[in-house]
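44 is the number that this note's numbering gives to position 3 of the sequence shown; each next residue is one higher, with no gaps.
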Amino acid sequence: MRVRIIGSGSSGNVLYVESGETRILVDVGLSAREASRRLTEAGIDPSSIDGIVVTHEHGDHSRGVSVFARSNDIPVYLTEGTREACQFGRFESKMRFVDVQSSESFQIGSLDIHPFAVPHDAVDSFALTIESGGAKIGFVTDLGYITQLVCDRVRGADVLILESNHDVEMLKICPHYPWSLKQRVLSKHGHLSNDHVSAFLAEEFDGRASHVVLAHLSKNTNHPEVARLAALQALSKRGPLFSFDAERRVSTADPDGMSPWINM
Ligand SMILES: [Zn+2]
Ligand SMILES: [Zn+2]
42 MRVRIIGSGS
52 SGNVLYVESG
62 ETRILVDVGL
72 SAREASRRLT
82 EAGIDPSSID
92 GIVVTHEHGD
102 HSRGVSVFAR
112 SNDIPVYLTE
122 GTREACQFGR
132 FESKMRFVDV
142 QSSESFQIGS
152 LDIHPFAVPH
162 DAVDSFALTI
172 ESGGAKIGFV
182 TDLGYITQLV
192 CDRVRGADVL
202 ILESNHDVEM
212 LKICPHYPWS
222 LKQRVLSKHG
232 HLSNDHVSAF
242 LAEEFDGRAS
252 HVVLAHLSKN
262 TNHPEVARLA
272 ALQALSKRGP
282 LFSFDAERRV
292 STADPDGMSP
302 WINM
């Protein structure tokens, strides 16, 4: 299995996952044109994608879904609630959908996909793990806090992509956001902070993942080095088994472009 973050953060989330002959995207939050451009740059033919999984209806996850799916004739895997909330309108009849449940596993080719519900201000949003050939990816963004279910599901992941959206202090003083938006982000149905991630890494993380990628970073209320340093400090509290090689294992997803390939 190999995986690449094509886009991450409020400008648009797209994850590419490949195993054998199977290729999927999780979310197309970039415009279809930009997603296609980046995939082509990464050596991936957009028309070779076998399925698009949509985690929830927010624009930074669904913006390019309709155009990308229709222009490449790709089936879209999503819950009924998310499909309705996406409001594909007159284009809906021209799209192919596969109804999934936010808590029931399904397969696309050689990939086993295990969604699970997360607390977020969307109709029926989920995070997921993807397994193939004995390797496991955890993909957990867009949630207000880390539930016990999240801890249970990501155990054993070889690659963990985890939201580290904001620094709480930077968010509180950010001049660009109205207070109502700050309250939304900070709420139990908002986004994970660096503190949430630190607490998870210091208490619940099993230490297995060879790659921990901090994702969905806010450009206004976080900084890659601040997020990464918080994660490294949390791991250092766990002792040498966890802090071993942490500098190499912990990275941040680029909010303006693609992140490097990760091979498993
Ligand atoms: Zn998002
Ligand atoms: Zn969201």
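All residues carry an ideal CB built from backbone N, CA and C; glycine is no exception.
* DSSP three-state call for PHE285: helix, strand or coil? -> One-based indexing of the sequence shown puts residue 285 at position 244. Here PHE285 sits in coil by DSSP.
* To do: May I ask you to check if the CB of ASP183 is nearer than 6 Å to at least one heavy atom of ligand 2?
  => As a position in the sequence shown, residue 183 is number 142, starting the count at 1. Correct: ASP183 has its Cβ closer than 6 Å to ligand 2.
* Asked: Within 6 Å: the Cβ of HIS99 and any heavy atom of ligand 3?
  -> Summarising the ligand content, the structure contains ligand 1 and ligand 2 and does not contain ligand 3.
* To do: Tell me whether LEU282 is buried or exposed, calling it buried when 16 or more other Cβ atoms sit within 10 Å of its Cβ.
  => Indexing the sequence shown from 1 puts residue 282 at position 241. Result: exposed.
* Beta-carbon proximity check, SER234 vs VAL195, cutoff 7 Å -> Reading the sequence shown from its first residue, position 193 is the one you call residue 234. Reading the sequence shown from its first residue, position 154 is the one you call residue 195. No.
* To do: Rounded to whole angstroms, what's the CA-CA distance from GLN274 to SER239? Just pull it up for me.
  => Residue 274 sits at position 233 when you count from the first residue of the sequence shown. Residue 239 sits at position 198 when you count from the first residue of the sequence shown. Their Cα atoms are separated by approximately 8 Å.
* At what residues does the beta strand (DSSP E) containing ILE90 begin and finish? -> To locate residue 90, count along the sequence shown from 1; it is residue 49. Counted as a single uninterrupted DSSP element, the stretch harbouring ILE90 is not any beta strand (DSSP E), since DSSP gives it neither H nor E.
* Asked: Expressed to the nearest angstrom, what Euclidean distance is found between the alpha-carbon atoms of LEU203 and ARG131?
  -> Counting from one through the sequence shown, the residue named residue 203 turns up at place 162. Counting from one through the sequence shown, the residue named residue 131 turns up at place 90. Using only the alpha carbons, I get a separation of about 35 Å.
* Where are the beta strand (DSSP E) runs, 3 residues long or more, that stay fully inside the segment 202-277, in chain order? -> Segments of the beta strand (DSSP E) lying fully in the segment 202-277: 252-256.
* Would a C-beta distance cut-off of 7 Å place PHE180 and LEU169 closer than the cut-off? -> Taking the sequence shown and counting its residues from 1, one reaches residue 180 at position 139. Taking the sequence shown and counting its residues from 1, one reaches residue 169 at position 128. Taking C-beta atoms as the reference points, PHE180 and LEU169 count as a pair closer than 7 Å.
* Output yes or no for whether 7 Å exceeds the beta carbon distance between SER166 and HIS155. => Numbered from 1 along the sequence shown, position 125 holds the residue referred to as residue 166. Numbered from 1 along the sequence shown, position 114 holds the residue referred to as residue 155. No. Outside cutoff.
* To do: Grab me the residues of ILE47's own chain with a C-beta within less than 6 Å of its C-beta, minus the 5 sequence neighbours each way, in chain order.
  => The residue given as residue 47 occupies position 6 in the sequence shown. Within its own chain, the residues whose Cβ lies closer than 6 Å to the Cβ of ILE47, once the five positions on either side in sequence are excluded, are VAL55, TYR57, ARG79, MET299, listed in chain order.
* **Distance, ASP86 Cα to HIS232 Cα** => Taking the first residue of the sequence shown as 1, we reach residue 232 at position 191. Taking the first residue of the sequence shown as 1, we reach residue 86 at position 45. For HIS232 and ASP86, the distance between alpha carbons rounds to 32 Å.
* Asked: Using the beta-carbon count (16 or more within 10 Å), is HIS217 buried or exposed?
  -> In the sequence shown, counting from the first residue as 1, residue 217 sits at position 176. Result: exposed.
* Asked: How many whole angstroms separate the CB atoms of ASP153 and GLY197, which I take to be in contact at a CB cut-off of 8 Å?
  -> As a position in the sequence shown, residue 153 is number 112, starting the count at 1. As a position in the sequence shown, residue 197 is number 156, starting the count at 1. The Cβ separation is near 13 Å, so there is no contact.
* **Counted within 10 angstroms of its Cβ, other Cβ atoms place SER77 as buried (16 or more) or exposed** => Within the sequence shown, numbered from 1, the residue matching residue 77 stands at position 36. So SER77 ends up on the buried side.
* Helix, strand or coil: how does DSSP classify ALA294 here? -> Here the question's residue 294 lines up with position 253 in the sequence shown. DSSP places ALA294 in coil when its eight states are reduced to three.
* Specify, as a first and last residue, the run of the alpha helix (DSSP H) that SER107 falls within. => Residue mapping note: residue 107 aligns to position 66 of the sequence shown, counting from 1. Counting along the chain, the alpha helix (DSSP H) containing SER107 begins and ends at 106-113.
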